[in-house]
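Participant: Sharing a structure here in structure tokens format.
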Amino acid sequence: MAALIRFAMLCALPLGALGAVKRATAAEFPLFGYGGMAIGGLPLYYLDGYAYLGDPKATNDAGAAVVTFTSTDDNKWIASPNITTTVNGTTPSWSNETLYIPASIASDKRVGFFSSNSTNSSEITTGFSFYGTTASLLTDDGQLQTLWTVSNETGKPRALYWNDYSLGQVSVILRSIGPSNPPLM
């Protein structure tokens, strides 16, 4: 009888998970790229409306800054500059930019940012979530996708792309946890 009760309890465990509450994400979070030998936790930064991985100070552009995100109720990720990592001590003029990835019909596969009051039907701005600490896109049919890629040119800003390998990009994972040791940039 005890074995039957244990068996019933084990069978019911997956049903208990259905009632589980989604873990809340931090109010603000950064993203870091991991992949291959040379991409060991590079921070995501904003430059001229696009997302890059690396050190924004290397660009020498006052508008470049590491991004801090907040998530909205409809799973948009809103970007603002992390003002502790400014270029030349200048605070960037952008804030409250919405992260987007290109839709499959878009010719430009770079990941970028819209001002909060802009929209474009060939860009996806909702559905962002985490699987643990890994940044993902939850599609309309319930699939979690992590199709982030990054340019593989050393010495240049590493542009972030969505599902594009046409220029020799490499796959990366974006996580909300930074590296334990600062990455070599």
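Positions -19 to -1, 1 to 166 (mature numbering (1 follows the signal peptide of the UniProt record, and there is no 0)) are the ones given, in order, by the sequence shown. Cβ atoms here follow ideal geometry from the backbone N, Cα and C, with glycine treated the same way.
Where do the ends of the beta strand (DSSP E) carrying Gly149 lie?
Facilitator: Per DSSP, Gly149 belongs to no beta strand (DSSP E) and is neither H nor E.
Participant: Nearest to Leu128 by alpha carbon, out of Tyr26, Glu134, Tyr146?
Facilitator: It is Tyr146 whose Cα lies nearest to the Cα of Leu128.
Participant: Just reading off the beta strand (DSSP E) that Glu9 is part of, what are its end residues?
Facilitator: Run containing Glu9: none; DSSP gives neither H nor E here.
Participant: Quick one: Cα of Ser76 to Cα of Gly17, how far?
Facilitator: 31 Å
Participant: Would you mind working out which of Thr51, Tyr26, Thr49 sits nearest Thr40, comparing C-alpha positions?
Facilitator: Closest option to Thr40, Cα to Cα, is Tyr26.
Participant: Ser117 lies in the beta strand (DSSP E); which residues open and close that run?
Facilitator: 115 to 119
Participant: What is the DSSP secondary structure of Ala45, counted as helix, strand or coil?
Facilitator: Under the three-state reduction of DSSP, Ala45 is assigned to coil, being neither helix nor strand.
Participant: What is the C-beta distance between Asp55 and Thr107, in whole angstroms, given that I count them as a contact (C-beta under 8 Å)?
Facilitator: Between Thr107 and Asp55 the Cβ distance is about 5 Å, and since that is below 8 Å, they are a contact.
Participant: Cutting at 7 Å between CB atoms, please list the residues of its own chain near Ala84, excluding the five before and the five after it.
Facilitator: Ser103, Glu104, Ile105
Participant: Among residues of its own chain, excluding the 5 on either side of Phe13, which ones have a beta-carbon nearer than 6 Å to its beta-carbon?
Facilitator: Gly22, Pro24, Arg156, Gly159
Participant: Have a look at Ser152, Ala116, Ile154, Thr120 and flag the residue whose alpha-carbon is nearest the alpha-carbon of Phe10.
Facilitator: Ala116
Participant: Just to confirm the assignment, what range does the beta strand (DSSP E) spanning Val131 have?
Facilitator: 129 to 131
Participant: Of the residues Asn69, Ser132, Val151, Phe94, which one's Cα is nearest the Cα of Pro37?
Facilitator: The candidate whose alpha carbon is nearest that of Pro37 is Asn69.
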